[in-house]
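Residue numbers (our numbering): 33 to 222. Using N, Cα and C, we set each Cβ at its ideal position, and we do this for glycine too. Quick notes on the structure that follows.
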Ligand SMILES: [Zn+2]
């Protein structure tokens, strides 16, 4: 095997990577497979949103509309099994071995807005709070209550109208009775 220098650029060149040789004034691009360091990195799994209890889901616990109202420092995604994952906008994409997320995503648990969301998911959202703080289930419950309230108001209005109509009829009858008495008095009927 010929190990002597050959014409630069030839397909038969043998590159001595230790020599740091230059060919035509340019350093050859060399890809060297190096063993992975022992400190492995893994893809960041984001912050898995903890639901407030059994049977609870993203629809019942997470206020999606809040993203349209506030500039939240995370994005959200759901998987087919129902897991809701939040990812910091500063996510580093990778995390160290033994961890499930990067420090930016892990720190989301200390975010005051997210703490508020988790607290409301557990204890409920005040009825007069901005609708953006409600989850889908919370909004459906609010609509149900409002519809019930509207139906009750309609029924009260209907009953009040019937009562007024009945009283008006009684008043008319009373007026007719009074006029009849007056008429009888003026004609001398006894
Ligand atoms: Zn991350």
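Here residue 73 is bridged, per DSSP, to 128.
Beyond the five residues adjoining it in sequence on each side, residue 132 comes within less than 7 Å, by CB distance, of 77 in the same chain, given in chain order. In the structure shown, the three-state DSSP call for residue 104 is coil. Taking the Cα positions, residue 104 is about 20 Å away from residue 84. 96 is the residue among 88, 96, 79 and 90 whose C-alpha sits nearest the C-alpha of residue 164.
Within its own chain, the residues whose Cβ lies closer than 8 Å to the Cβ of residue 125, once the five positions on either side in sequence are excluded, are 75, 76 and 134, listed in chain order.
Judged by DSSP in its simplified three-state form, residue 210 adopts helix.
For residue 140, the CB contacts under 7 Å within the same chain, skipping 5 residues up- and downstream, are 79, 106, 118, 120 and 146 in chain order. Taken from the Cβ of residue 156, every heavy atom of ligand 1 lies 7 Å or farther away.
Using a cutoff of 7 Å, the CB of residue 136 counts as near ligand 1, since one of the ligand's heavy atoms is closer than that. Note on geometry: alpha-carbon atoms of residue 176 and residue 202 lie some 39 Å from one another.
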